[in-house]
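Here the structure comes first, spelled out in C-alpha coordinates, and everything after it is commentary.
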Amino acid sequence: MTAPAYLDTPQGRRLAYHRTDGAGPGVVFLGGFMSDMTGTKAQHLEAWARARGQAFLRFDYSGHGQSSGAFAEGCIGDWAQDAETAITALTDGPQVLVGSSMGGWIALLLARALPERVVGLVGIAAAPDFTEDSMWASFAEDQRATIMGAGRIEIPSGYDDSPYTITRRLIEDGRENLVLRDPLRLPFPVRLLQGTADEDVEVATALRLLDHIDCADARLTLVKGADHRFSEPDNLALVEQAISELLPA
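Going by UniProt numbering, the sequence shown opens with residue 1, and the numbers climb by one from there.
Dropping the structure here:
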(Lines of atoms letter the chains of each structure in order from A; the text may use other names.)
(Lines give C-alpha, C1' and ligand atoms only; values in the text may rest on other atoms or scores of the structure.)
Protein backbone atom coordinates (compact mmCIF):
# COMPACT_ATOMS: atom_id res chain seq x y z
CA MET A 1 0.00 0.00 0.00
CA THR A 2 1.33 3.42 -0.97
CA ALA A 3 2.32 5.64 1.94
CA PRO A 4 0.22 8.80 2.31
CA ALA A 5 1.44 12.34 1.83
CA TYR A 6 0.93 14.84 4.64
CA LEU A 7 -0.50 18.33 4.90
CA ASP A 8 0.24 20.59 7.87
CA THR A 9 -2.72 22.78 8.78
CA PRO A 10 -2.63 26.32 10.22
CA GLN A 11 -3.95 24.84 13.48
CA GLY A 12 -0.89 22.62 13.87
CA ARG A 13 -2.54 19.37 12.80
CA ARG A 14 -0.98 17.00 10.26
CA LEU A 15 -3.39 15.38 7.82
CA ALA A 16 -2.60 12.21 5.88
CA TYR A 17 -3.97 12.09 2.35
CA HIS A 18 -3.89 10.43 -1.04
CA ARG A 19 -4.46 12.57 -4.10
CA THR A 20 -5.05 11.39 -7.65
CA ASP A 21 -4.45 13.89 -10.43
CA GLY A 22 -6.99 14.10 -13.22
CA ALA A 23 -9.70 16.11 -14.88
CA GLY A 24 -12.12 18.32 -13.03
CA PRO A 25 -14.47 18.65 -11.41
CA GLY A 26 -12.59 16.72 -8.78
CA VAL A 27 -14.15 14.26 -6.34
CA VAL A 28 -13.48 14.52 -2.61
CA PHE A 29 -14.36 11.65 -0.26
CA LEU A 30 -15.30 12.63 3.29
CA GLY A 31 -15.28 9.74 5.74
CA GLY A 32 -17.36 9.00 8.78
CA PHE A 33 -17.02 9.15 12.56
CA MET A 34 -13.98 7.10 13.64
CA SER A 35 -13.50 5.92 10.05
CA ASP A 36 -10.45 6.42 7.89
CA MET A 37 -9.48 6.77 4.24
CA THR A 38 -8.56 3.08 3.87
CA GLY A 39 -12.20 1.98 3.96
CA THR A 40 -13.87 0.11 1.12
CA LYS A 41 -15.80 3.08 -0.28
CA ALA A 42 -12.83 5.46 -0.27
CA GLN A 43 -10.48 3.06 -2.02
CA HIS A 44 -13.10 1.83 -4.46
CA LEU A 45 -13.95 5.37 -5.52
CA GLU A 46 -10.28 6.25 -5.89
CA ALA A 47 -9.82 3.37 -8.34
CA TRP A 48 -13.04 4.36 -10.14
CA ALA A 49 -11.90 7.97 -10.46
CA ARG A 50 -8.45 6.94 -11.69
CA ALA A 51 -10.02 4.75 -14.39
CA ARG A 52 -12.09 7.75 -15.53
CA GLY A 53 -9.13 10.12 -15.39
CA GLN A 54 -10.93 12.12 -12.70
CA ALA A 55 -9.15 14.05 -9.97
CA PHE A 56 -9.78 12.48 -6.55
CA LEU A 57 -8.85 13.20 -2.94
CA ARG A 58 -9.24 11.10 0.19
CA PHE A 59 -7.78 12.04 3.56
CA ASP A 60 -7.97 11.39 7.29
CA TYR A 61 -9.37 13.98 9.67
CA SER A 62 -7.17 14.74 12.67
CA GLY A 63 -7.49 11.99 15.27
CA HIS A 64 -8.45 9.52 12.54
CA GLY A 65 -6.38 6.99 10.64
CA GLN A 66 -2.84 8.15 9.90
CA SER A 67 -3.35 11.82 10.74
CA SER A 68 -2.03 13.41 13.91
CA GLY A 69 -3.93 13.85 17.15
CA ALA A 70 -6.15 11.77 19.40
CA PHE A 71 -9.70 11.04 18.33
CA ALA A 72 -11.17 12.03 21.70
CA GLU A 73 -9.64 15.51 21.39
CA GLY A 74 -11.49 16.28 18.15
CA CYS A 75 -14.94 17.60 17.31
CA ILE A 76 -17.12 18.40 14.30
CA GLY A 77 -15.73 21.92 13.96
CA ASP A 78 -12.14 20.65 13.93
CA TRP A 79 -12.89 18.01 11.31
CA ALA A 80 -14.80 20.44 9.11
CA GLN A 81 -11.82 22.79 9.41
CA ASP A 82 -9.49 19.94 8.39
CA ALA A 83 -11.65 19.23 5.35
CA GLU A 84 -11.77 22.88 4.34
CA THR A 85 -7.98 23.14 4.61
CA ALA A 86 -7.48 19.95 2.59
CA ILE A 87 -9.80 21.06 -0.20
CA THR A 88 -8.32 24.56 -0.34
CA ALA A 89 -4.72 23.34 -0.36
CA LEU A 90 -4.95 20.09 -2.32
CA THR A 91 -7.61 20.59 -4.99
CA ASP A 92 -8.18 23.00 -7.85
CA GLY A 93 -11.46 24.35 -9.11
CA PRO A 94 -14.92 22.90 -8.52
CA GLN A 95 -15.41 19.70 -6.53
CA VAL A 96 -18.07 17.05 -6.02
CA LEU A 97 -18.22 16.18 -2.32
CA VAL A 98 -19.01 12.59 -1.37
CA GLY A 99 -19.83 12.39 2.33
CA SER A 100 -20.32 9.11 4.17
CA SER A 101 -22.27 9.25 7.46
CA MET A 102 -20.59 12.05 9.46
CA GLY A 103 -18.92 13.01 6.19
CA GLY A 104 -22.35 14.02 4.93
CA TRP A 105 -22.58 16.57 7.76
CA ILE A 106 -19.05 17.77 6.98
CA ALA A 107 -20.00 18.12 3.30
CA LEU A 108 -22.96 20.33 4.20
CA LEU A 109 -20.72 22.54 6.35
CA LEU A 110 -18.25 22.79 3.47
CA ALA A 111 -21.02 23.75 1.06
CA ARG A 112 -21.80 26.63 3.41
CA ALA A 113 -18.14 27.62 3.91
CA LEU A 114 -16.89 27.15 0.32
CA PRO A 115 -19.92 27.71 -1.92
CA GLU A 116 -17.77 28.68 -4.88
CA ARG A 117 -15.87 25.37 -4.80
CA VAL A 118 -18.76 22.91 -4.57
CA VAL A 119 -20.68 21.83 -7.70
CA GLY A 120 -22.36 18.70 -6.39
CA LEU A 121 -22.90 16.63 -3.26
CA VAL A 122 -23.48 12.93 -2.71
CA GLY A 123 -24.53 11.82 0.76
CA ILE A 124 -24.15 8.16 1.71
CA ALA A 125 -26.21 7.55 4.87
CA ALA A 126 -25.60 11.21 5.65
CA ALA A 127 -25.78 11.99 9.36
CA PRO A 128 -26.17 15.74 9.86
CA ASP A 129 -26.53 16.95 13.46
CA PHE A 130 -26.05 13.41 14.83
CA THR A 131 -24.26 14.52 18.00
CA GLU A 132 -27.45 16.29 19.06
CA ASP A 133 -30.29 14.35 17.42
CA SER A 134 -28.88 10.84 17.78
CA MET A 135 -26.34 10.87 20.62
CA TRP A 136 -27.51 13.50 23.09
CA ALA A 137 -31.17 12.79 22.45
CA SER A 138 -30.67 9.10 23.27
CA PHE A 139 -28.50 9.49 26.37
CA ALA A 140 -30.02 8.77 29.76
CA GLU A 141 -29.90 11.45 32.43
CA ASP A 142 -26.96 9.77 34.20
CA GLN A 143 -24.99 9.68 30.93
CA ARG A 144 -25.67 13.35 30.31
CA ALA A 145 -24.59 14.16 33.86
CA THR A 146 -21.36 12.19 33.39
CA ILE A 147 -20.54 14.01 30.15
CA MET A 148 -21.17 17.42 31.69
CA GLY A 149 -19.32 16.57 34.91
CA ALA A 150 -16.46 14.24 33.94
CA GLY A 151 -16.24 15.59 30.40
CA ARG A 152 -16.67 12.24 28.64
CA ILE A 153 -18.31 8.85 28.50
CA GLU A 154 -17.65 5.71 26.50
CA ILE A 155 -20.36 3.98 24.50
CA PRO A 156 -20.17 0.66 22.64
CA SER A 157 -19.28 0.61 18.97
CA GLY A 158 -21.30 -1.61 16.70
CA TYR A 159 -18.27 -2.30 14.50
CA ASP A 160 -15.43 -3.50 16.74
CA ASP A 161 -14.42 -3.95 20.39
CA SER A 162 -13.19 -0.37 20.75
CA PRO A 163 -15.81 1.90 22.35
CA TYR A 164 -16.55 5.40 21.15
CA THR A 165 -15.36 8.15 23.49
CA ILE A 166 -17.98 10.88 23.51
CA THR A 167 -16.80 14.15 25.03
CA ARG A 168 -18.54 17.23 26.31
CA ARG A 169 -16.58 19.21 23.73
CA LEU A 170 -17.93 17.02 20.91
CA ILE A 171 -21.52 17.62 22.05
CA GLU A 172 -21.14 21.35 22.67
CA ASP A 173 -19.19 21.97 19.47
CA GLY A 174 -21.76 19.95 17.53
CA ARG A 175 -24.41 22.43 18.68
CA GLU A 176 -22.37 25.24 17.12
CA ASN A 177 -22.37 23.43 13.76
CA LEU A 178 -25.95 22.21 13.34
CA VAL A 179 -27.29 22.43 9.79
CA LEU A 180 -30.92 21.31 10.11
CA ARG A 181 -32.14 24.21 12.26
CA ASP A 182 -31.63 27.08 9.84
CA PRO A 183 -32.23 27.48 6.09
CA LEU A 184 -29.69 25.54 4.03
CA ARG A 185 -29.48 26.54 0.39
CA LEU A 186 -27.58 24.18 -1.87
CA PRO A 187 -27.37 25.71 -5.38
CA PHE A 188 -26.09 22.52 -7.01
CA PRO A 189 -27.35 18.95 -7.56
CA VAL A 190 -27.62 16.70 -4.50
CA ARG A 191 -27.91 12.91 -4.45
CA LEU A 192 -28.69 11.10 -1.18
CA LEU A 193 -28.31 7.33 -0.78
CA GLN A 194 -29.80 5.57 2.23
CA GLY A 195 -30.15 1.92 3.20
CA THR A 196 -33.38 0.75 4.82
CA ALA A 197 -31.46 -1.68 7.08
CA ASP A 198 -29.14 1.05 8.41
CA GLU A 199 -29.07 0.76 12.22
CA ASP A 200 -27.04 3.96 12.71
CA VAL A 201 -28.84 6.47 10.52
CA GLU A 202 -32.60 6.16 10.22
CA VAL A 203 -34.47 6.60 6.95
CA ALA A 204 -36.27 9.44 8.73
CA THR A 205 -32.99 11.36 8.85
CA ALA A 206 -32.57 11.12 5.08
CA LEU A 207 -36.16 12.25 4.55
CA ARG A 208 -35.70 15.14 6.96
CA LEU A 209 -32.55 16.27 5.14
CA LEU A 210 -34.23 16.01 1.74
CA ASP A 211 -37.15 18.08 2.99
CA HIS A 212 -34.95 20.65 4.71
CA ILE A 213 -32.49 21.61 1.98
CA ASP A 214 -33.33 24.36 -0.48
CA CYS A 215 -32.19 22.65 -3.66
CA ALA A 216 -33.70 22.60 -7.14
CA ASP A 217 -32.22 19.19 -8.02
CA ALA A 218 -32.21 16.89 -5.00
CA ARG A 219 -32.96 13.17 -5.09
CA LEU A 220 -33.06 10.49 -2.41
CA THR A 221 -32.57 6.81 -3.28
CA LEU A 222 -33.67 4.27 -0.67
CA VAL A 223 -32.01 0.88 -1.00
CA LYS A 224 -33.91 -1.99 0.56
CA GLY A 225 -31.75 -4.11 2.85
CA ALA A 226 -28.60 -1.95 2.62
CA ASP A 227 -26.85 -1.34 5.93
CA HIS A 228 -24.81 1.60 7.19
CA ARG A 229 -21.59 0.48 5.55
CA PHE A 230 -23.20 0.72 2.09
CA SER A 231 -20.22 -1.15 0.69
CA GLU A 232 -21.68 -4.13 -1.16
CA PRO A 233 -20.92 -4.21 -4.92
CA ASP A 234 -24.42 -3.06 -5.87
CA ASN A 235 -24.21 -0.26 -3.28
CA LEU A 236 -20.89 0.92 -4.69
CA ALA A 237 -22.34 0.87 -8.20
CA LEU A 238 -25.10 3.21 -6.99
CA VAL A 239 -22.50 5.57 -5.52
CA GLU A 240 -20.65 5.59 -8.85
CA GLN A 241 -23.90 6.34 -10.67
CA ALA A 242 -24.78 9.17 -8.29
CA ILE A 243 -21.37 10.82 -8.74
CA SER A 244 -21.49 10.34 -12.51
CA GLU A 245 -24.77 12.27 -12.65
CA LEU A 246 -22.96 15.27 -11.17
CA LEU A 247 -19.94 15.16 -13.51
CA PRO A 248 -19.68 16.22 -17.14
CA ALA A 249 -20.36 13.41 -19.58
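Where is the CB? At the ideal position from N, CA and C, for every residue including glycine.
With distances taken between CA atoms, A113 lies nearest to L186 out of L186, M102, T205 and A127. In this structure T196 is in contact with L222, their Cβ atoms being roughly 6 Å apart against a cut-off of 8 Å. In this structure, P25 is the residue among P25, V203 and E202 with its C-alpha nearest to the C-alpha of G93.
In this chain, the alpha helix (DSSP H) harbouring G149 covers E141 to A150. Using a 10 angstroms sphere on the CB of D142, the tally of other CB atoms stays under 16, which defines it as exposed. Taken in chain order, the whole beta strand (DSSP E) runs of length 3 or more contained in the region 146 to 204 are 152 to 155, 164 to 167 and 190 to 195. Of C75, A3, L30 and A249, the smallest CA-CA separation from L170 is found for C75. Taking every protein chain shown into account, the CB of Y6 has fewer than 16 other CB atoms within 10 angstroms, so this residue is exposed. Residue environment analysis places I155 among the exposed positions, since fewer than 16 neighbouring C-beta atoms fall within 10 angstroms of its C-beta.
A direct Cα-to-Cα measurement between T167 and S157 gives close to 15 Å. Within the UniProt domain "AB hydrolase-1" (51 to 144), the complete beta strand (DSSP E) segments of 3 residues or longer fall at 54 to 59, 95 to 100 and 118 to 124, listed in chain order. Distances from the alpha-carbon of A107 to those of T91, M34, P128 and C215 put P128 closest.
Across the structure, T165 and E176 are spaced so that their CA atoms are roughly 20 Å apart. If you draw a straight line from the Cα of P183 to the Cα of R52, it is about 36 Å long. The three-state secondary structure of R208, taken from DSSP, is helix. By the Cβ test, the region 57 to 66 is in contact with the region 31 to 42, since at least three Cβ pairs between them sit closer than 8 Å. For D8, the beta-bridge partners assigned by DSSP are R14. The shortest CA-to-CA distance from L97 to any of A42, G151 and S138 is the one to A42. Around the beta-carbon of M135, 16 or more other beta-carbon atoms lie within 10 Å, marking it buried.
Taken atom to atom, the span from the alpha-carbon of A83 to that of F139 is near 29 Å. Secondary structure of D234 (DSSP, three-state): helix.
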